[in-house]
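*Asks:* Protein chains in written order, with the working numbering: chain A, 324 to 564; chain B, 12 to 309.
For glycine and all other residues, C-beta sits at the position ideal for the given N, C-alpha and C.
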């Protein structure tokens, strides 16, 4: 039986004038997979993510995400994905509950569903004491866990996480990854970028972009064997330097 | 030399710094290591005389940050966390601007930034706003150095920076240190602690520990094991249920298990096998800064 593909990318490119930000990349991501999307600053990751999340159109090539064409079906696509990053996640001047209500509403959840989700999250993330606290007053680590749960509130097929743990303390970073694994086990595909190479090693498969192209793609063991490296940090340095 | 003595600072009900004390010797590369919200930026703003502490004292090369703020501003190079150069000026214009503000010229101190600026030279006519992340960082460092500061303060220079550029940046810092510059650098990356002469581990406005990275690692109080198997997440879950564990944390594709000294390799292996884990490799290891940090946090 062939595994269900949630992302299919074929010869995707994005050019800005003469500059090829994304240069003919192809790959698939399977349902329930934790897919690590690595690369140096300026390698083209952000451009690729902007195309895969339906924000930018491609110069050439095709891609479908959650079954929808990234150029033709952008609105449908956006309804079926989740997104969070360190920079953009929750509204700082709303409380936890208000944020859930807002995002739940945007993604078309009913009032009943929103109430249920709110209760679920309070219990799961132990938010009893801070449910009515302004997000700006909540510590970063906690905020990021809430932002992640909000990003999957509508049970999307796939969630994009762009450096979700940047600056987060080491214990909370690991708790965050527990959430990632739980989410993936529940069938939501996780597409994640990070500059922490230990986190890259938690992924089922890892891809590495260098100057607009995907220079490596495989499981951790495959990449270590292929590049004769001890860990992902060495693989990264070998490919990017 | 930087001396910080019992510095406290609150914003409303939030206590950002709680009686922080430490000392950076002349010529040291000193690391302030901790997650966001630890109070690192608040401390930098106090040391650069941009913010007043509620209580406590701090001196830079013997000068009080409150009484001698004008002198301090002339002798300190500061690279704030957020990119703070002029986006609509070119690389060259930014550098000239900072040199002029400090009443010097780029030519006079060019030798200080030569190695770093060389990498920027091909882009000197480009606007700062159009540079890549790594290039912006190099320009910001050049601008912080152009007036020949005696003390360099770098607030999270490697946040959001990829592993290769991070390594290059630390190589630059090591090189700068040879000129006798005193450098205080903050970072949320615990692996960077090992590149400093001395570090302060900080969290929630308090210092957890101050020492050389080597001594900090050696002072780890438990026996530490590295456990590897084909199924890391499962192994982690099962080790968390191990009766004799003090802590179990994932480290990439292995687990670090802390136990007391009575636990043997066999005991761990038996526990894992009983719970269906196969292909097990266990070995005792020396703790790193991240192990210590997490132990101190708990």
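What residue ranges within the stretch 206-291 of chain B form continuous alpha helix (DSSP H) runs of no fewer than 4 residues, ordered along the chain?
*Replies:* Here the runs fully enclosed are 224-229, 243-251 and 276-285.
*Asks:* Do residue 154 of chain B and residue 106 of chain B have their C-beta atoms within less than 8 Å of each other?
*Replies:* Within the second chain, numbered from 1, the residue matching residue 154 of chain B stands at position 143. Within the second chain, numbered from 1, the residue matching residue 106 of chain B stands at position 95. Closer than 8 Å, so yes.
*Asks:* Report the rounded CA-to-CA distance for residue 211 of chain B versus residue 309 of chain B, giving the unit in angstroms.
*Replies:* As a working mapping, residue 211 of chain B is identified with position 200 in the second chain. As a working mapping, residue 309 of chain B is identified with position 298 in the second chain. Near 17 Å, if we compare the C-alpha coordinates of residue 309 of chain B and residue 211 of chain B.
*Asks:* Which residue from A:346, A:365, A:375 and A:362 puts its Cα closest to that of residue 331 of chain A?
*Replies:* If you number the first chain from 1, residue 331 of chain A lands on position 8. Taking only the C-alpha atoms, the option nearest residue 331 of chain A is A:375.
*Asks:* Hey, which unbroken runs of the alpha helix (DSSP H) at 4 residues or more fall wholly within the stretch 379-447 of chain A?
*Replies:* Correct list: 397-402, 419-429 and 434-447.
*Asks:* Where do the N-terminal and C-terminal ends of the alpha helix (DSSP H) with residue 109 of chain B fall, by residue?
*Replies:* Sequence index remark: in the second chain, residue 109 of chain B carries index 98 (1-based). 102-112 is the span of the alpha helix (DSSP H), which, as asked, contains residue 109 of chain B.
*Asks:* Chain B partners of residue 491 of chain A, CB-CB under 9 Å?
*Replies:* Counted from its first residue, the first chain places residue 491 of chain A at position 168. Ordered by position in chain B, the residues that pass the 9 Å Cβ test against residue 491 of chain A are 46, 47 and 199.
*Asks:* Measure the C-alpha to C-alpha separation of residue 234 of chain B and residue 339 of chain A and round it to an integer number of angstroms.
*Replies:* Working through the second chain from its first residue, we reach residue 234 of chain B at position 223. Working through the first chain from its first residue, we reach residue 339 of chain A at position 16. Cα to Cα, residue 234 of chain B sits roughly 54 Å from residue 339 of chain A.
*Asks:* Would you verify that the beta carbon of residue 324 of chain A is, or is not, closer than 8 Å to some beta carbon of chain B?
*Replies:* Counting from one through the first chain, the residue named residue 324 of chain A turns up at place 1. Confidence at residue 324 of chain A is low in this model, with a pLDDT of 48, below 50, so its placement is unreliable and the value that follows should be read with caution. Closer than 8 Å: no.
*Asks:* State the beta-bridge partners of residue 305 of chain B as determined by DSSP.
*Replies:* One-based indexing of the second chain puts residue 305 of chain B at position 294. DSSP lists no partner for residue 305 of chain B.
*Asks:* Would you say residue 487 of chain A lies against chain B (beta-carbon separation less than 8 Å)?
*Replies:* Indexing the first chain from 1 puts residue 487 of chain A at position 164. It does not; no Cβ of chain B falls within 8 Å.
*Asks:* Measuring CB to CB, does residue 50 of chain B end up less than 8 Å from residue 28 of chain B?
*Replies:* Translated into positions along the second chain, residue 50 of chain B becomes position 39. Translated into positions along the second chain, residue 28 of chain B becomes position 17. Yes, they are a contact pair.
*Asks:* Would you list, in sequence order, the uninterrupted alpha helix (DSSP H) runs of no fewer than 4 residues that lie entirely inside the stretch 134-171 of chain B?
*Replies:* Listed in chain order, they are 144-156.
*Asks:* If you compare alpha carbons, which of B:38, B:57, B:165 and B:30 is closest to residue 92 of chain B?
*Replies:* Walking along the second chain from the start, residue 92 of chain B turns up at place 81. Nearest option by C-alpha distance: B:165.
*Asks:* Can you confirm whether residue 532 of chain A, when its beta carbon is compared against all beta carbons of chain B, has any partner nearer than 8 Å?
*Replies:* Looking up residue 532 of chain A in the first chain gives position 209. Answer no: the Cβ-Cβ gap between residue 532 of chain A and chain B never drops below 8 Å.
*Asks:* Looking at residue 157 of chain B and residue 127 of chain B, is the spacing between their C-beta atoms short of 8 Å?
*Replies:* Here residue 127 of chain B refers to the residue found at position 116 when the second chain is read from its first residue. Here residue 157 of chain B refers to the residue found at position 146 when the second chain is read from its first residue. Contact: no.
*Asks:* From residue 379 of chain A to residue 72 of chain B, what does the alpha carbon distance come to, in whole angstroms?
*Replies:* Sequence index remark: in the first chain, residue 379 of chain A carries index 56 (1-based). Sequence index remark: in the second chain, residue 72 of chain B carries index 61 (1-based). Near 52 Å, if we compare the C-alpha coordinates of residue 72 of chain B and residue 379 of chain A.
*Asks:* Are at least three pairs of beta-carbons, each pair with one atom in the stretch 249-268 of chain B and one in the stretch 194-205 of chain B, less than 8 Å apart?
*Replies:* Touching, no, given that fewer than three Cβ pairs across the two stretches are closer than 8 Å.
*Asks:* Give the secondary structure of residue 497 of chain A by DSSP, where H, G and I count as helix, E and B as strand, and everything else as coil.
*Replies:* Start at 1 with the first residue of the first chain, and residue 497 of chain A comes out as number 174. Helix, per DSSP.
*Asks:* When you compare each of B:304, B:108 and B:285 to residue 227 of chain B by their alpha carbons, which one comes out closest?
*Replies:* Looking up residue 227 of chain B in the second chain gives position 216. Ranking the options by Cα distance to residue 227 of chain B, first place goes to B:304.
*Asks:* Mind reading off the beta-carbon distance from residue 139 of chain B to residue 89 of chain B? Whole number of angstroms is fine, and I expect it under 8 Å.
*Replies:* Locating residue 139 of chain B in the second chain gives position 128, counting from the first residue. Locating residue 89 of chain B in the second chain gives position 78, counting from the first residue. Contact doesn't hold; Cβ gap of about 17 Å is too wide.
*Asks:* Of the choices A:391, A:429 and A:458, whose alpha-carbon is the least far from that of residue 477 of chain A?
*Replies:* For the purposes of this step, residue 477 of chain A is identified with residue 154 of the first chain, where counting begins at 1. Closest option to residue 477 of chain A, Cα to Cα, is A:429.
*Asks:* Of all the beta strand (DSSP E) runs that stay within the bounds of the stretch 28-114 of chain B, which reach a length of 3 or more residues?
*Replies:* You should have 40-44, 66-71 and 87-90.
*Asks:* Using DSSP with H/G/I as helix, E/B as strand and the rest coil, what is residue 18 of chain B?
*Replies:* Locating residue 18 of chain B in the second chain gives position 7, where the first residue counts as 1. Of the three classes helix, strand and coil, the one that applies to residue 18 of chain B here is strand, per DSSP.
*Asks:* What residues in the stretch 253-283 of chain B have a beta carbon less than 7 Å from any beta carbon of chain A?
*Replies:* Of all residues in the stretch 253-283 of chain B, 260, 261, 262, 263 and 264 have a Cβ within less than 7 Å of some Cβ in chain A.
*Asks:* According to DSSP, is residue 124 of chain B part of a helix, a strand, or is it coil?
*Replies:* As a first step, residue 124 of chain B must be located in the second chain, where it is residue number 113. DSSP places residue 124 of chain B in helix when its eight states are reduced to three.
*Asks:* Can you check DSSP and say which residues form a bridge with residue 528 of chain A?
*Replies:* Here residue 528 of chain A is taken as the residue at index 205 of the first chain, counted from 1. A:358, per the DSSP bridge assignment.
*Asks:* Count Cβ pairs between the stretch 413-423 of chain A and the stretch 363-377 of chain A that sit closer than 8 Å; are there 3 or more?
*Replies:* The stretch 413-423 of chain A vs the stretch 363-377 of chain A: no contact.
*Asks:* In this structure, does DSSP put residue 550 of chain A in helix, strand or coil?
*Replies:* On the first chain, residue 550 of chain A is found 227 positions in, with the first residue counted as 1. DSSP places residue 550 of chain A in coil when its eight states are reduced to three.
*Asks:* Since residue 392 of chain A meets chain B, which of its residues come closer than 9 Å, beta carbon to beta carbon?
*Replies:* Position 69 of the first chain, counted from the first residue, corresponds to residue 392 of chain A. By Cβ distance, chain B contributes nothing, its closest Cβ being about 31 Å from residue 392 of chain A, past 9 Å.
*Asks:* Is residue 174 of chain B close to chain A? Criterion is C-beta to C-beta, closer than 8 Å.
*Replies:* By one-based count along the second chain, residue 174 of chain B stands at place 163. Output row for residue 174 of chain B: interface = yes.
*Asks:* If I measure Cβ to Cβ from residue 451 of chain A and keep anything under 8 Å in the same chain, skipping five residues before and after, which residues do I get?
*Replies:* Position 128 of the first chain holds residue 451 of chain A. Closer than 8 Å at Cβ, skipping near neighbours: 445.
*Asks:* Buried or exposed: which applies to residue 2 of chain B, given that a residue is buried once 16 or more other Cβ atoms fall within 10 Å of its Cβ?
*Replies:* The structure shown does not extend to residue 2 of chain B, since chain B is modelled only from 12 through 309, so no value can be given for it.
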